[in-house]
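So the structure is just underneath, and the comments pick up after that.
Chains as they are written, first to last, in this note's numbering: chain A, -13 to 388; chain B, -13 to 388.
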């Protein structure tokens, strides 16, 4: 698998584009994006589990029941969440206009939105931008689409890689956005993936669910879960491989690996570009009594404001880690716990190894590092990717209306 | 009940004092405190529910099984948590030295510590300070004791009030500390209360548990729960009232009211002095389907970093509140929700009342305000006291070793 992060890539069977509609602000920034397949595609979707679901989530979930779609329409600047029936109406109207312009059925157009919650979404400005949006469509337009879905993101996030599936080379390109309100069961996290592999809809859903579980559901920025999260995966089939219907088909594992790599890569980029983040930290819990305990312990540490501010300060403050573990609900004996910072042991049997403190502090200053916690209570493990909590996070969220 | 916050008060039957032992830093700041009763007192204690429990918590819990105590010894600067057997040994040794100097049994001395976790606690400096600590004991020494237990607190926290219990005037004086790592099931939260009322030990425990549940267990600063929290209540009996053995005894309700008032007042002071806090916010959930739902919804909103940074920014960002409610696990229909900021309705039936935005923004700039959320799903309610999340919180916790 050749893995490269580039904004310029092509996935046979797809075109993408973007335009400035003035949803964000009337300052010429790209804020509407479109990805279109040459024909109806098997398409899978994973959505937020927040009880409050944005209108585009409701609409796309409904339209994906068929297992097929033709286009993804997205906007930033307005989440179209908490907007009731008028919000759903706006989403329907906007996708209908795009469908008409593209000559496809409106049921074939998915929608995703990100931005301020609760603000009514006006279709007018997007309608006026539609001709420009359609005109922008190009095989290598994913980079522009990635820019158009940014909110507090500081960099556009793209992924492209190729692999061999059952003797045929296939590609997978994707774009994502994140930044704040990130926590499992997704985030203000949008991710659109396109592959030219031929895959049956049911299997495509299964591949995506597993990939999301191994990636986006293991990251956290601030413990908040958005109302708008969604991940879409479209498969054009243009590569011409024998259609994949399950993991035992030749090429199934290669496809799963490719989709998981895409999700992991974009998840990592999202954490690294978390609001105000200055570093990325892997919280790896091993030796837990159960998978649930491992997950609870890892997330409690990864979301503790005290741990995250210590991370920002470069302080190997294992006391805060131990305190977070203690309130996580995971079962363990505090006098058994070992804690390592990138292999430098700082806690042995629940007690501090103070002689290692300066080496651990050095690890904590790295832009990317791992806190490994061995609970010595069993065999289960779970790893969460998090970032630090900086003054900048507060500034962004005190000033930004999201 | 006369309620006043003063550092100078007297509770018959008690003396208090403080000294600088150099536990915090060798800069002359007060860091050891002592409260002593003239004789053995019925004493109640409530402790952290964190699985990781500091040595003084283990020791005091054990010693309080009798229902009686004579003294409370406290230090700041070192939590004596995550310190294993040597930590417990240090707590035993230090209380034994104090007991000897006071001429009481060491089993009668409770201990409480707050400060850095994981650092070994040396008894030497505290031993050398013991003569000065004993010499400082005075009936009006509570103010000095309140200063000695401060960590990142910016102001000492005291409470004093009198009430009539069964025809006899009784007083209750207390000191507390908080600042960070605050969340229900207590916090790095120490609170020592002394009353001259005569109360049976069992009833005293019950009164304290109920008061803590109505106060300290309903505050949150950062969602972190400390390893060291404890609340003690000693009753000297010097007021000479007929001993209270239950809520139906004449004077029982008056005592409960007094203890609850003390806990509520100190809990409020702790939130108002939360690390970096610039304002206090009451998150009041009503109309929940169950008490558990109400509590989950209130805490999820009160702990959401996005809600707390919006509070700091003075932004009536109800979308973030709705998103937090949606991930709380509480059952409700998003299209029924009403949200008020100090009586200014900002959300009706899940939709924003944008015409009220400027008035709601004005409310958000107040130093103290209430966010009321009506889920319209039942009759249960729960209120949590929280504070905002400022750049200063990050600075304090990135730089302070706790």
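Think of the CB as a built atom: it goes at the ideal place given N, C-alpha and C, for glycine as much as any other residue.
Note to self: Quick check: residue 92 of chain A and residue 264 of chain A, are their CB atoms within less than 8 Å of each other?
What the structure shows: Not a contact, by the Cβ cut-off of 8 Å.
Notebook entry, point to check: Under 7 Å Cβ-Cβ, which residues of chain B neighbour residue 102 of chain A?
Noted result: Neighbours of residue 102 of chain A on chain B, chain order: 305.
Checklist line | Residue burial classification, residue 315 of chain B (beta-carbon count within 10 angstroms, cutoff 16) | finding: Of the other Cβ atoms in all chains shown, fewer than 16 fall within 10 Å of the Cβ of residue 315 of chain B; this residue is therefore exposed.
Margin query: Between residue 320 of chain A and chain B, is any beta-carbon pair separated by less than 8 Å?
Written below: Yes, because at least one Cβ of chain B sits closer than 8 Å to the Cβ of residue 320 of chain A.
Check: If you measure from the beta carbon of residue 213 of chain A to each beta carbon in chain B, is any gap under 8 Å?
Finding: True, the Cβ-Cβ gap to chain B drops below 8 Å.
Check: Residues of chain B with CB under 7 Å from residue 377 of chain A, in chain order?
Finding: Within 7 Å Cβ-Cβ: 377, 380, 381.
Check: Mind checking if residue 295 of chain B is an interface residue toward chain A, Cβ cutoff 8 Å exclusive?
Finding: Using a CB distance cut-off of 8 Å, residue 295 of chain B counts as an interface residue toward chain A.
Next item on the list: From the DSSP output, in three-state form, read off residue 251 of chain A for me.
Entry: Under the three-state reduction of DSSP output, residue 251 of chain A falls in the helix class.
Next item on the list: Determine which residues of the segment 33 to 47 of chain A have a Cβ less than 7 Å from any Cβ of chain B, and write them out in chain order.
Entry: Residues are counted here when their Cβ sits less than 7 Å from a Cβ of chain B; for the segment 33 to 47 of chain A these are 36, 37, 38, given in chain order.
Notebook entry, point to check: What number of angstroms, rounded off, separates the C-alpha of residue 221 of chain B from the C-alpha of residue 227 of chain B?
Noted result: Rounded to the nearest angstrom, the two C-alpha atoms are 12 Å apart.
Next item on the list: For the beta strand (DSSP E) holding residue 62 of chain A, just list the boundary residues, first then last.
Entry: For residue 62 of chain A, the enclosing beta strand (DSSP E) has its first and last residue at 54 to 64.
Notebook entry, point to check: In three-state DSSP terms, what is residue 105 of chain A?
Noted result: Correct three-state label for residue 105 of chain A: coil.
Notebook entry, point to check: Using a C-beta cutoff of 8 Å, does residue 250 of chain A count as contacting chain B?
Noted result: No - not a single Cβ of chain B is within 8 Å of the one on residue 250 of chain A.
Check: Do residue 288 of chain A and residue 370 of chain A have their C-beta atoms within less than 8 Å of each other?
Finding: Going by C-beta atoms, residue 288 of chain A is nearer than 8 Å to residue 370 of chain A.
Margin query: Once the 5 residues before and after residue 1 of chain A are set aside, which same chain residues still bring their CB inside 7 Å of it?
Written below: The answer, listed in chain order, is 22, 123, 124, 125, 127.
Note to self: What would DSSP say about residue -5 of chain B, mapped onto helix, strand or coil?
What the structure shows: Coil.
Note to self: So if I threshold CB-CB distances at 8 Å, which residues from the segment 51 to 71 of chain B count as touching chain A?
What the structure shows: Answer in chain order: 65, 67, 68, 69, 70.
Check: Between which two residues does the beta strand (DSSP E) harbouring residue 358 of chain B extend?
Finding: DSSP places residue 358 of chain B in the uninterrupted beta strand (DSSP E) bounded by 354 to 360.
Note to self: Between residue 368 of chain B and chain A, is the shortest Cβ-Cβ distance under 8 Å, so that the two count as touching?
What the structure shows: So, not an interface residue.
Next item on the list: My understanding is that residue 326 of chain A touches residue 358 of chain A, with C-beta atoms under 8 Å, so please give their C-beta distance in whole angstroms.
Entry: Right, their Cβ atoms sit about 4 Å apart.
Checklist line | Partners in chain B for residue 298 of chain A, counting only beta-carbon separations shorter than 7 Å | finding: Counting only Cβ-Cβ distances below 7 Å, residue 298 of chain A has contacts in chain B at 380, 384, in chain order.
Note to self: Could you check whether residue 76 of chain B and residue 109 of chain B sit closer than 8 Å to each other, using their CB atoms as the reference points?
What the structure shows: For the pair residue 109 of chain B and residue 76 of chain B, the CB atoms are nearer than the 8 Å cut-off.
Checklist line | Buried or exposed (CB count within 10 angstroms, at least 16 for buried), residue 278 of chain A | finding: Of the other Cβ atoms in all chains shown, fewer than 16 fall within 10 Å of the Cβ of residue 278 of chain A; this residue is therefore exposed.
Next item on the list: Sort out for me which residues DSSP pairs residue 41 of chain A with in a bridge.
Entry: For residue 41 of chain A, DSSP records no beta bridge to any residue.
Margin query: Please determine whether the Cβ atom of residue 219 of chain B lies at a distance below 7 Å from any heavy atom of the ligand SAH.
Written below: Among the components modelled here there is no ligand, and therefore nothing to report on the ligand SAH.
Item checked: Straight-line gap, residue 42 of chain A to residue 239 of chain A (C-alpha atoms, nearest Å) -> Cα to Cα, the separation comes out at about 32 Å.
Check: Relative to the C-alpha of residue 308 of chain A, which residue among B:102, B:-3, B:27 is closest?
Finding: The candidate whose alpha carbon is nearest that of residue 308 of chain A is B:102.
Notebook entry, point to check: If you run the structure through DSSP and keep just helix, strand and coil, what is residue 199 of chain B?
Noted result: Correct three-state label for residue 199 of chain B: helix.
Notebook entry, point to check: If you run the structure through DSSP and keep just helix, strand and coil, what is residue 136 of chain B?
Noted result: Three-state DSSP puts residue 136 of chain B in coil, outside helix and strand.
Notebook entry, point to check: Roughly how many whole angstroms lie between the Cα atoms of residue 216 of chain A and residue 13 of chain B?
Noted result: The alpha-carbon atoms of residue 216 of chain A and residue 13 of chain B are separated by roughly 55 Å.
Item checked: Pairwise C-alpha distance: residue 54 of chain A and residue 333 of chain B -> Cα to Cα, the separation comes out at about 37 Å.
Notebook entry, point to check: When the cut-off is 8 Å and only beta carbons count, does residue 313 of chain A lie next to chain B?
Noted result: Yes, because at least one Cβ of chain B sits closer than 8 Å to the Cβ of residue 313 of chain A.
Item checked: DSSP three-state assignment for residue 384 of chain A, whether helix, strand or coil -> For residue 384 of chain A, the secondary structure class from DSSP, reduced to helix, strand or coil, is helix.
Next item on the list: State buried or exposed for residue 24 of chain A, treating a residue as buried only when at least 16 other CB atoms are found within 10 Å of its CB.
Entry: It is exposed - the Cβ of residue 24 of chain A has fewer than 16 other Cβ atoms within 10 Å.
Check: Do residue 159 of chain B and residue 146 of chain B have their C-beta atoms closer together than 8 Å?
Finding: A contact, by the Cβ cut-off of 8 Å.
Margin query: Could you check whether residue 252 of chain B and residue 219 of chain B sit closer than 8 Å to each other, using their CB atoms as the reference points?
Written below: No; because the gap between Cβ atoms is not below 8 Å, this pair is not in contact.
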